[in-house]
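Residue numbers (our numbering): 3 to 173.
This is the structure in structure tokens:
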């Protein structure tokens, strides 16, 4: 769906914009595990402002393929974000349930600022409103893998974004 060169070029563009927006400040990145690790690393290497980093893990999947609608905090932050300029880094946003919950949760922790960056956005799947400040690519409602996104914990390490077509699901 999205070749490696295009992903790399877009990450560079996002890093330039974010660096410009946070010029003169220190930026605290929150990487949402596991999927956004690749994106967070590549983005952070290209930022020109000082960064610190922390990690969170959330889950909203009951049986692994269909969302339960209930968000569960699996791993919380190690440090306080109070008075910090915070950028949440996500691999993909679809329904918005998890990110809506997360952003409300983080806002209560009194950061100086709180923004959201995603590599991929599927707005047609949105059921909860989420303000996304930085978007890598807007994509159609396809099941995608690569660049941290997985299918049954596989394909995360692909350097591009690919579409998974399961047998029997396409005509």
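Just so you know, even glycine gets a beta-carbon here, dropped at the ideal spot from N, CA and C.
What you are looking at is a predicted structure, and each value in this text was computed from that prediction instead of being measured.
Check: Going by the beta-carbon positions, is the gap between residue 34 and residue 91 smaller than 8 Å?
Finding: Counting from one through the chain shown, the residue named residue 34 turns up at place 32. Counting from one through the chain shown, the residue named residue 91 turns up at place 89. Their beta carbons are under 8 Å apart, which means residue 34 touches residue 91 by this criterion.
Check: Taking buried to mean at least 16 other C-beta atoms within 10 Å of its own C-beta, is residue 44 buried or exposed?
Finding: As a position in the chain shown, residue 44 is number 42, starting the count at 1. It counts as buried.
Check: Thinking C-beta only, is residue 58 closer than 8 Å to residue 146?
Finding: Here residue 146 refers to the residue found at position 144 of the chain shown. Here residue 58 refers to the residue found at position 56 of the chain shown. Not closer than 8 Å, so no.
Checklist line | Beta-carbon separation (whole angstroms), residue 166 vs residue 149, contact threshold 8 Å | finding: For the purposes of this step, residue 166 is taken as the residue at position 164 of the chain shown. For the purposes of this step, residue 149 is taken as the residue at position 147 of the chain shown. Incorrect: roughly 14 Å between the Cβ atoms, too far for contact.
Checklist line | Proximity to residue 80 [Cα-Cα], best of 56, 8, 114, 120 | finding: Locating residue 80 in the chain shown gives position 78, counting from the first residue. Nearest C-alpha to residue 80: 56.
Margin query: Which residues does DSSP list as the beta-bridge partners of residue 119?
Written below: Numbered from its first residue, the chain shown carries residue 119 at position 117. Beta-bridge pairing links residue 119 to 91, 136.
Notebook entry, point to check: Which one or two residues does DSSP pair with residue 153 in a beta bridge?
Noted result: The sequence position of residue 153 within the chain shown is 151, counting from 1. According to DSSP, residue 153 bridges with 156.
Check: When you compare only the Cα positions, how much space is there between residue 18 and residue 48?
Finding: Taking the chain shown and counting its residues from 1, one reaches residue 18 at position 16. Taking the chain shown and counting its residues from 1, one reaches residue 48 at position 46. Each residue's Cα considered, the two are about 8 Å apart.
Check: So the alpha helix (DSSP H) residue 16 belongs to, where does it begin and stop?
Finding: Your numbering for residue 16 matches position 14 in the chain shown. Residue 16 -> alpha helix (DSSP H) spans 6–23.
Check: Which residue's Cα is closest to the Cα of residue 156: 124, 134, 36, 53?
Finding: Stepping through the chain shown from its first residue, residue 156 is reached at position 154. If we check each option's Cα against that of residue 156, 36 comes out closest.
Next item on the list: Compute the distance between the beta-carbons of residue 99 and residue 73, then report whether it is under 8 Å.
Entry: As a working mapping, residue 99 is identified with position 97 in the chain shown. As a working mapping, residue 73 is identified with position 71 in the chain shown. Yes. Within cutoff.
Next item on the list: Check the DSSP bridge columns for residue 146 and list the partner residues they point to.
Entry: Locating residue 146 in the chain shown gives position 144, where the first residue counts as 1. In the DSSP output, where bridge partners are listed per residue, residue 146 has 165.
Check: Taking the alpha carbon of residue 93 as the point to measure from, which residue in 42, 27, 31 has its own alpha carbon closest?
Finding: Residue numbering aside, residue 93 sits at position 91 when the chain shown is read from its first letter. When only C-alpha atoms are compared, the closest one is 42.
Checklist line | Collapsed DSSP secondary structure at residue 53 in the structure displayed | finding: The residue you call residue 53 lines up with position 51 of the chain shown. Residue state, collapsed to three classes: strand.
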